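Residue numbers (our numbering): 10 to 643.
Heads up, the beta-carbon is just placed ideally off N, CA and C, and yes, glycines get one too.
Computed from a predicted model, the values in this text were never measured in an experiment.
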């Protein structure tokens with residue numbers, strides 16, 4: 010591209026505006042020059058030329074209004090060049106002040122980017138200058154004061170040519186710079202558009218992201234406030250998505266997310282939308298939410314779509330999801346509060362067994378408020394040492410002797426009194442506080458068991474519950490080692506109680522850690538056995554030492570044949586695998602006798618003692634074993 014291929018340094022709108030402004034300035038200048046001559050009546054020879062030029066400017070203005078920019082510019086500058094040439098010829102020739110206007114005309118022609126106009130005006134200017142100079146040199150026409158030397162004609166022509174060349178070069182450079190600037194601006198605008206699009210799109214699924222979902226929510230709310238109605242927010246979370254990632258790999262997990270996103274999107278009406286919030290979470294906006302039954306149908310349809318078979322890595326998977334629903338304006342007025350409430354409802358759906366949906370209600374809100382309050386109370390209780398460890402005796406049914414104790418956490422709140430573990434343990438697990446609580450219980454229990462040994466109670470095996478949250482944190486091994494080292498308790502007197510769910514979802518890291526702990530002499534028991542995923546495979550893989558039959562079977566043992574059959578099957582399986590068994594929840598003599606008859610040889614429960622403080626436990630053991638009371642310190 011060159012300067013003069015009909016490309017101006019100015020954009021079309023700017024070019025039209027500049028032509029109009031210059032035209033107005035020329036017309037005003039000519040008018041001001043004409044005014045005194047008309048008032049004094051000194052018309053002379055220049056007035057007709059100035060009037061003709063002014064008329065030409067009027068015609069050029071008419072062309073400009075018709076959007077004929079090149080014609081208007083050519084007539085405007087051409088008529089002005091003719092007028093200046095006339096003044097030079099009729100005036101003082103090359104020394105006339107009119108010659109100073111020629112570079113300005115050439116510069117503006119270059120600015121407009123018209124090659125033909127620039128060349129025409131430059132040729133006209135050179136013709137006038139050379140003609141006037143030659144006429145003076147040869148004597149055809151001599152201006153006053155006369156031109157004495159031919160070199161002055163050459164000087165003026167060379168100056169005009171140099172000026173034109175400089176204007177040309179500068180205009181070319183400016184043109185190239187402007188071209189690059191326009192191209193860069195175009196690139197920047199395209200990049201900004203792409204960035205804006207990417208900022209509102211999820212890179213994996215192509216669905217709108219959280220930012221776009223917020224904008225869609227705001228637009229829908231504006232329409233609802235103007236027209237009435239309700240809006241439903243459906244918070245969708247895939248169940249057990251981590252299992253897919255861990256077992257099949259992240260690429261398979263990504264394929265699953267893309268497929269679920271497409272399925273959810275295909276179920277929606279044109280006014281509805283689905284976005285991916287992140288991870289395995291999606292948000293669906295249903296704009297016609299007046300009918301709760303319709304919203305429920307949409308939610309159920311999504312659950313069905315998620316549960317439909319899907320082939321990944323050559324395997325057919327059947328997934329499930331949990332959905333929480335919050336309504337605008339019933340449950341909130343802004344995006345963040347509604348999203349939070351839909352999230353709460355989603356977790357209630359998970360608590361209900363997964364593969365379900367729940368609508369948010371005030372009771373859920375109260376539950377969340379209580380949850381947050383308990384989190385704050387637990388944090389304060391840890392600092393103020395409000396927690397205690399109680400111990401429930403474990404009895405050998407043959408001898409009646411105490412062979413062990415289960416360490417159980419109790420909370421004595423200064424205002425609320427004793428707070429049930431069933432109330433605060435789930436909260437602590439959800440908040441992660443169970444890790445600190447579990448470590449504290451482990452250290453306290455090990456110190457207490459060693460103290461009992463030193464006080465002559467014998468080797469009491471201490472059982473400590475390990476939360477799945479603790480085990481998955483990866484530092485359980487360190488906590489156990491520190492507790493044993495600090496207390497001096499032999500590892501063989503520590504039993505860690507694990508849940509079936511933890512062992513079912515085991516990882517190579519967890520397996521290796523349990524193997525290392527077992528090599529130190531620590532034993533393992535499976536807590537609440539029979540209520541979860543009981544099978545022989547993981548019992549063989551982990552080589553646990555003892556099973557704890559869940560108290561739900563023991564309490565109905567003498568009245569429910571099904572429970573008795575389950576207990577008997579567990580005892581027979583344990584005997585075949587050479588595992589120890591202890592029954593939880595033994596509360597009466599009849600249950601004790603029936604357990605003994607079925608072959609169970611250890612138990613714990615209210616029939617002997619509830620969980621009690623360490624001092625009372627010591628007294629219980631001394632009384633049961635016929636040991637003398639501990640000597641009072643001097």
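Is it true that the CB of residue 364 sits closer than 9 Å to the CB of residue 305?
In the chain shown, residue 305 corresponds to position 296, counting from 1. In the chain shown, residue 364 corresponds to position 355, counting from 1. No, the pair does not count as a contact, with Cβ atoms beyond the cut-off.
Would DSSP call residue 283 helix, strand or coil?
Against the chain shown, residue 283 aligns to sequence position 274. DSSP places residue 283 in strand when its eight states are reduced to three.
Helix, strand or coil: how does DSSP classify residue 629 here?
Here residue 629 corresponds to residue number 620 of the chain shown, with the count starting at 1. Helix, per DSSP.
Output the residue ranges of the beta strand (DSSP E) runs that lie fully inside the stretch 52 to 119 and measure 3 residues or longer, sorted by chain position.
Complete beta strand (DSSP E) runs here, min 3: none at all.
Report the three-state DSSP secondary structure of residue 245 (helix, strand or coil).
Stepping through the chain shown from its first residue, residue 245 is reached at position 236. Correct three-state label for residue 245: strand.
May I have the straight-line CA-CA distance separating residue 585 from residue 504, to the nearest angstrom?
Counted from its first residue, the chain shown places residue 585 at position 576. Counted from its first residue, the chain shown places residue 504 at position 495. Rounded to the nearest angstrom, the two C-alpha atoms are 22 Å apart.
If you draw a straight line from the alpha carbon of residue 255 to that of residue 326, how long is it in whole angstroms?
Residue 255 sits at position 246 when you count from the first residue of the chain shown. Residue 326 sits at position 317 when you count from the first residue of the chain shown. Distance between the alpha carbons of residue 255 and residue 326 is about 14 Å.
Would residue 506 and residue 452 qualify as a contact pair, given that the criterion is a beta-carbon distance under 9 Å?
Residue numbering aside, residue 506 sits at position 497 when the chain shown is read from its first letter. Residue numbering aside, residue 452 sits at position 443 when the chain shown is read from its first letter. Not a contact, by the Cβ cut-off of 9 Å.
With distances taken from CA atoms, which of 610, 583, 538 is nearest residue 405?
Here residue 405 refers to the residue found at position 396 of the chain shown. For the set 610, 583, 538, the Cα lying nearest the Cα of residue 405 is the one of 610.
According to DSSP, residue 621 sits in a beta bridge with which residue or residues?
Taking the first residue of the chain shown as position 1, residue 621 is located at position 612. For residue 621, which the question treats as bridged, DSSP gives the partners 400.
What residue does the alpha helix (DSSP H) around residue 149 start on, and which one ends it?
Residue mapping note: residue 149 aligns to position 140 of the chain shown, counting from 1. It is not in any alpha helix (DSSP H) - residue 149 carries neither H nor E in the DSSP assignment.
Within its chain, find whatever has a CB closer than 6 Å to the CB of residue 250; leave out the 5 residues flanking it on each side and keep chain order.
Locating residue 250 in the chain shown gives position 241, where the first residue counts as 1. Short of 6 Å from the beta carbon of residue 250, and not among the five residues preceding or following it, lie these beta carbons of its own chain, in chain order: 289.
Could you pull the start and end residues of the beta strand (DSSP E) that residue 508 belongs to?
As a first step, residue 508 must be located in the chain shown, where it is residue number 499. That run of the beta strand (DSSP E) goes 503 to 508.
The beta strand (DSSP E) that contains residue 558, what's its start and end?
Counted from its first residue, the chain shown places residue 558 at position 549. Taken as a continuous stretch (DSSP letters only), the beta strand (DSSP E) holding residue 558 covers 555 to 558.
For residue 66, which of 77, 47, 89 has the nearest alpha-carbon?
Within the chain shown, the letter at position 57 stands for residue 66. Nearest option by C-alpha distance: 89.
Taking buried to mean at least 16 other C-beta atoms within 10 Å of its own C-beta, is residue 415 buried or exposed?
The count along the chain shown starts at 1 and reaches residue 415 at position 406. Buried, because 16 or more other Cβ atoms sit within 10 Å of the Cβ of residue 415.
Compare the beta carbon distance of residue 333 and residue 291 with 9 Å and say whether it is the shorter of the two.
Numbered from 1 along the chain shown, position 324 holds the residue referred to as residue 333. Numbered from 1 along the chain shown, position 282 holds the residue referred to as residue 291. Not a contact, by the Cβ cut-off of 9 Å.
Excluding the five sequence neighbours on either side, which residues of its own chain have a C-beta within less than 8 Å of the C-beta of residue 248, listed in chain order?
The residue labelled residue 248 in the question sits at position 239 within the chain shown. Here the set comprises 328, 329, 330, 331, 359, 363, 364.
Quick one: is residue 350 buried, meaning 16 or more other Cβ sit within 10 Å of its Cβ, or exposed?
As a working note, residue 350 is residue 341 in the chain shown. Residue 350 is buried by the Cβ-count criterion.
Count the other CB atoms within 10 Å of the CB of residue 71; is the residue buried (16 or more) or exposed (fewer)?
Looking up residue 71 in the chain shown gives position 62. Exposed, since its Cβ has fewer than 16 Cβ neighbours within 10 Å.
Taking the alpha-carbon positions, what's the residue 307 to residue 438 distance?
For the purposes of this step, residue 307 is taken as residue 298 along the chain shown, with counting starting at 1. For the purposes of this step, residue 438 is taken as residue 429 along the chain shown, with counting starting at 1. About 33 Å.
Considering Cα atoms alone, identify which of 427, 495, 418, 494 is closest to residue 476.
Position 467 of the chain shown holds residue 476. Proximity to residue 476 across 427, 495, 418, 494 peaks at 418, based on C-alpha coordinates.
With a Cβ-Cβ cutoff of 9 Å, do residue 96 and residue 146 count as a contact?
Position 87 of the chain shown, counting from 1, holds the residue named residue 96. Position 137 of the chain shown, counting from 1, holds the residue named residue 146. No. Outside cutoff.
Roughly how many whole angstroms lie between the Cα atoms of residue 86 and residue 198?
Counting from 1 along the chain shown, the entry for residue 86 is found at position 77. Counting from 1 along the chain shown, the entry for residue 198 is found at position 189. Roughly 37 Å between the two C-alpha positions.
Give the straight-line distance between the Cα atoms of residue 49 and residue 43, rounded to the nearest whole angstrom.
Counted from its first residue, the chain shown places residue 49 at position 40. Counted from its first residue, the chain shown places residue 43 at position 34. Near 10 Å, if we compare the C-alpha coordinates of residue 43 and residue 49.
The beta strand (DSSP E) spanning residue 601 covers which residue range?
Stepping through the chain shown from its first residue, residue 601 is reached at position 592. Where residue 601 is concerned, there is no enclosing beta strand (DSSP E), although the alpha helix (DSSP H) around it starts and stops at 598 to 607.
Could you tell me the distance, in whole angstroms, from the CA atom of residue 518 to the CA atom of residue 295?
One-based indexing of the chain shown puts residue 518 at position 509. One-based indexing of the chain shown puts residue 295 at position 286. Rounded to the nearest angstrom, the two C-alpha atoms are 43 Å apart.
Give the secondary structure of residue 637 by DSSP, where H, G and I count as helix, E and B as strand, and everything else as coil.
Along the chain shown, read from residue 1 onward, the residue named residue 637 stands at position 628. DSSP places residue 637 in coil when its eight states are reduced to three.
For the stretch 256 to 317, list the beta strand (DSSP E) runs that are entirely contained and at least 3 residues long, ordered along the chain.
282 to 287, 290 to 295
So residue 572 packs on residue 566, CB below 8 Å; how close in whole Å?
Within the chain shown, numbered from 1, the residue matching residue 572 stands at position 563. Within the chain shown, numbered from 1, the residue matching residue 566 stands at position 557. Right, their Cβ atoms sit about 6 Å apart.
Quick one: any contact between the stretch 612 to 627 and the stretch 430 to 447, if contact means 3 or more CB pairs under 8 Å?
no
Whole angstroms are fine: how far does the CA of residue 335 sit from the CA of residue 436?
Along the chain shown, one-based indexing puts residue 436 at 427. Along the chain shown, one-based indexing puts residue 335 at 326. Straight-line measurement puts the Cα of residue 335 at about 23 Å from the Cα of residue 436.
Would you say residue 355 and residue 244 are within 9 Å of each other, going by their C-beta atoms?
Sequence index remark: in the chain shown, residue 355 carries index 346 (1-based). Sequence index remark: in the chain shown, residue 244 carries index 235 (1-based). Yes, the Cβ-Cβ distance between residue 355 and residue 244 is below 9 Å.
Confirm, please, whether the CB-CB distance from residue 534 to residue 496 is below 9 Å.
As a working note, residue 496 is residue 487 in the chain shown. As a working note, residue 534 is residue 525 in the chain shown. No.
Leaving out the 5 sequence neighbours to the left and right, which residues in its chain are closer than 7 Å to residue 615 when beta-carbon positions are compared?
Locating residue 615 in the chain shown gives position 606, counting from the first residue. The answer, listed in chain order, is 596.
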